[in-house]
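A short worksheet on the structure shown next.
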Amino acid sequence: DERYGLFYEAETMLMQEMPIIPIYTYTSKHLVHPSVEGIYPNLMDSLNLKYVKLHPERRLNGEAN
1073 DERYGLFYEA ETMLMQEMPI IPIYTYTSKH LVHPSVEGIY PNLMDSLNLK YVKLHPERRL
1133 NGEAN
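Residue 1116 in the working numbering is what sits at position 44 of the sequence shown, and the numbering runs on without skipping anything.
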């Protein structure tokens, strides 16, 4: 089919000459308890636990021992 051939040719030209722009970016959400300090987001979404500290005296309002 001639139309299919033209469509294929046009698509091939677009794929070779058109810059590709990502239309989706990954997101992540982390809930961190107030007693935890030192967890920071990064572009690779990996947790570096080297500098994480726990402060047991920090509690949520109304939280018991």
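We put the CB at the ideal spot given by N, CA and C, even for glycine.
Taking residue i as the reference, give the member of the options with the closest Cα.
i, options, result
"L1157", "Y1098, E1074, V1108 and G1077", "This structure cannot settle anything about residue 1157, because the visible part of the chain is limited to 1073 through 1137."
"V1124", "R1131, L1132 and H1105", "H1105"
"S1118", "R1130, G1077 and T1099", "T1099"
Taking the DSSP output, what are the residues bridged to residue i?
i, result
"L1126", "V1108"
With a threshold of 7 Å between beta-carbons, can residue i be considered close to chain D, or not?
i, result
"Y1080", "Protein chain content of the structure displayed is limited to a single chain, and chain D is not contained in it."
Length-filtered (4 minimum) alpha helix (DSSP H) runs lying within the region 1088-1124 = none
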